[in-house]
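Everything below concerns the one structure shown next.
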Amino acid sequence: MGSEWKPYLQYYREFKQLDSLDFKIIRAMHEHGPFNVRRIAEIIGARQQTVNYRVLKYDRQGLVLFRAVIDEAKLGLKSHTVLAEVPLGNEELALKALTCYPVWRYAAQVNGYIHGLYVRYAIPRNTTQDLEIFLEKLVERGIILRYHIYHTSSPHIPLFNLDFYTGGIRRFDWSAWVDQLLEARVEELKLEPEKVEPVTFDVYDLFILRCLERNARVKFTEISREMVKLFGGSLNKYRVLVSRRMKERIPSIIRGYEVYISPVLPELALFLILLIEFTEEEPLAKYVTGLSKIPFYSAVYKAIGENKIFHHIVLPAYEYSGFINALETLAKKGALKSLKILISDLQGKKTWRNTALYQAYDKDWKFSYGILINALEKLL
Numbered sequence: 000m001g002s003e004w005k006p007y008l009q010y011y012r013e014f015k016q017l018d019s020l021d022f023k024i025i026r027a028m029h030e031h032g033p034f035n036v037r038r039i040a041e042i043i044g045a046r047q048q049t050v051n052y053r054v055l056k057y058d059r060q061g062l063v064l065f066r067a068v069i070d071e072a073k074l075g076l077k078s079h080t081v082l083a084e085v086p087l088g089n090e091e092l093a094l095k096a097l098t099c100y101p102v103w104r105y106a107a108q109v110n111g112y113i114h115g116l117y118v119r120y121a122i123p124r125n126t127t128q129d130l131e132i133f134l135e136k137l138v139e140r141g142i143i144l145r146y147h148i149y150h151t152s153s154p155h156i157p158l159f160n161l162d163f164y165t166g167g168i169r170r171f172d173w174s175a176w177v178d179q180l181l182e183a184r185v186e187e188l189k190l191e192p193e194k195v196e197p198v199t200f201d202v203y204d205l206f207i208l209r210c211l212e213r214n215a216r217v218k219f220t221e222i223s224r225e226m227v228k229l230f231g232g233s234l235n236k237y238r239v240l241v242s243r244r245m246k247e248r249i250p251s252i253i254r255g256y257e258v259y260i261s262p263v264l265p266e267l268a269l270f271l272i273l274l275i276e277f278t279e280e281e282p283l284a285k286y287v288t289g290l291s292k293i294p295f296y297s298a299v300y301k302a303i304g305e306n307k308i309f310h311h312i313v314l315p316a317y318e319y320s321g322f323i324n325a326l327e328t329l330a331k332k333g334a335l336k337s338l339k340i341l342i343s344d345l346q347g348k349k350t351w352r353n354t355a356l357y358q359a360y361d362k363d364w365k366f367s368y369g370i371l372i373n374a375l376e377k378l379l
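Numbered by numbering that gives the first Met the number 0, the letters in the sequence shown go through residues 0 to 379 in order.
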C-alpha cells in the first residue's frame, strides 16, 4: 500500500483505540466542562491519573476537540443566516465582502441548490435593516447575485451517539433510526431564543470567550499571554483576571460545549448543510432530538417563527446514501415538507469560523450600515 494512505491508516488506528472509558470521559467533559480533570474522574469513578492520561492524549492527537458554545443573546446579539448566490469565479471577493467586519460567526463556500456562500452573523439587536441594506449594496455592485436572509437561533449542538463506536467502525442503521424517530414522544423543544437581558461583560470577557470557542481545553496561562500581546500589561495581571472571570462571568455566557470527533479524516467526509422544512413543529422536534442517536457531528440553527432548520452534518462519504434515503422516508411519512442540500469542502478548507467578536466592541457594540461600507471600501 502506498505512502499516501499512511495518514488515513494512522487516523483509523488512533480512532479505533478509543474505548468505552474514553466515551464516558468525553460525555462527562461535554456535560460538566472540559477543564477540571479531577472532577471528571470523580464523576465517572475512574482514577485521576488514568483520566488525565486519556485527556492529554486527546489534546496531543487532535482526535477530540472541545469548543465553548456561547449564548449570543446574553451579549445583546441576534443570529442571522445569509445564503448568498455568487457569480462563478467571484467566490473570493464575495467572501471578503460578506466577512469584511468581525460580526460574522461562520462562513462556508457551498454548492448544491445554489452556488455561493453561507454566512451566519451575530449582530446587535434592532440592526437587521443595516445588514439587509449592506447586502443590497453587494447585489448592486455585482459582488453577489442575490441573497436570502433568515433570523435564526444560536447553535444547538447535541452530543452525538458515542456508544455506536464501542463496536468498532461500521455502517449506521438509518432505517432503524427513522423508525425510532417516528415512534418517539418528545417534550417541547426550545430552540428559539427566549427573552433574556444582556449580562455585564467587557472586551476582556469577549477575548476569553474567543479563546474558549477555538479550543475549550486552552490553558488559562496561554489566554493570559495572548492578552498581554494584545492589550499590554503584566502576565500576572491577566492570570488573576482570567481566573476571576472564569468563575464569575464566563459561565453565565457559555451555553455548553460542543464535541467534534469523526471516524474519518476530512478527505473522506462530506460536510452537508441542509435546509429542511417540516410539516409541523412536532416532527421538527423529533428530528432534532433524534440527532443525539446519530454517531456523527451535527449542529442545528432554527429559522425563527418557521418550521425550518439549517442542519450541519459531517458524514463519512459511505453514509451519504443511507442518510438521504432516511430523509426521503421521513418525507413519505409526512414529516418533511421540503429539503434543500448544500455541500461544502472540509478538505479544501472552504469553511471558516470567526471568534473575534471583541474586535467589534468598544464599551458597546460598533455596528451599522456605515461601518460595514467603510470596512468594505478598505478591501476594494
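Here a beta-carbon is modelled for each residue, glycine too, at the ideal position from N, C-alpha and C.
*Check whether the segment 137-155 touches the segment 288-300, counting contact only when three or more Cβ pairs, one atom from each stretch, lie closer than 8 angstroms.*
yes
*Would you call residue 386 buried or exposed, if buried means 16 or more other Cβ atoms sit within 10 Å of its Cβ?*
Because residue 386 is not part of the residues shown, which for the chain are 0 to 379, the question remains open.
*Taking the C-alpha atoms as reference points, what is the distance between residue 165 and residue 20?*
10 angstroms
_For a test of the three-state rule: what should DSSP assign to residue 297, helix, strand or coil?_
strand
_residue 352 vs residue 120 beta-carbon contact at 8 angstroms_ = Remark: C-beta atoms of residue 352 and residue 120 do not approach each other more closely than 8 angstroms.
*asked:* Looking at residue 80: is its Cβ nearer than 8 angstroms to the Cβ of residue 149?
replied: yes
*Touching by the beta-carbon criterion (3+ pairs, under 8 angstroms), the segment 287-294 and the segment 233-252*: no
*Going by DSSP, which residues form a beta bridge with residue 211?*
DSSP, once it has assigned bridges, lists no residue as partnering residue 211.
*Use the C-beta contact count for residue 175: other C-beta atoms within 10 angstroms, 16 or more gives buried, fewer gives exposed.*
exposed
_Can you give me the C-alpha to C-alpha distance between residue 265 and residue 7, rounded to a whole angstrom?_
10 angstroms
_The beta strand (DSSP E) enclosing residue 86, as first and last residue numbers_ = Neither: residue 86 is in no beta strand (DSSP E) and is coded neither H nor E.
*Name the one or two DSSP bridge partners that residue 318 has.*
In the DSSP output, where bridge partners are listed per residue, residue 318 has none listed.
*In the DSSP assignment, what are the bridge partners of residue 276?*
307, 337
*Residue environment, residue 318, which counts as buried when at least 16 other CB atoms sit within 10 Å*: buried
*asked:* Could you tell me which whole beta strand (DSSP E) segments of length 3 or greater appear in the segment 82-140?
replied: Annotation: the segment 82-140 contains the following complete segments of the beta strand (DSSP E) (minimum length 3 residues), in chain order: 103-111, 115-123.
*Mind checking which residues open and close the alpha helix (DSSP H) that includes residue 175?*
173-182
_Between which residues of its own chain and residue 243 is the CB-CB distance below 7 angstroms, once the five residues before and five after are set aside?_
none
*Give the DSSP-derived three-state secondary structure of residue 350 in the structure shown.*
strand
*Mapping DSSP to helix, strand and coil, what is residue 77?*
Residue 77: strand per DSSP, three-state reduction.
_Per-residue DSSP class, three states only, for residue 253_ = strand
_Assumed close pair residue 109, residue 341 - CB separation to whole angstroms, cut-off 8 angstroms_ = 4 angstroms
*Taking residue 43 as part of the alpha helix (DSSP H), name the residues at either end of that continuous run.*
36-43
_Delimiting residues of the beta strand (DSSP E) encompassing residue 145_ = 145-151
*Mind reading off the beta-carbon distance from residue 69 to residue 366? Whole number of angstroms is fine, and I expect it under 8 angstroms.*
In fact, because the Cβ distance is near 17 angstroms, the residues do not count as touching under 8 angstroms.
*Three or more beta-carbon pairs under 8 angstroms between the segment 272-291 and the segment 223-241, yes or no?*
no
*Under 8 angstroms between C-beta atoms of residue 42 and residue 29*: no
*Can you have a look at residue 331 and say buried or exposed, based on whether 16 or more other CB atoms are within 10 angstroms of its CB?*
exposed
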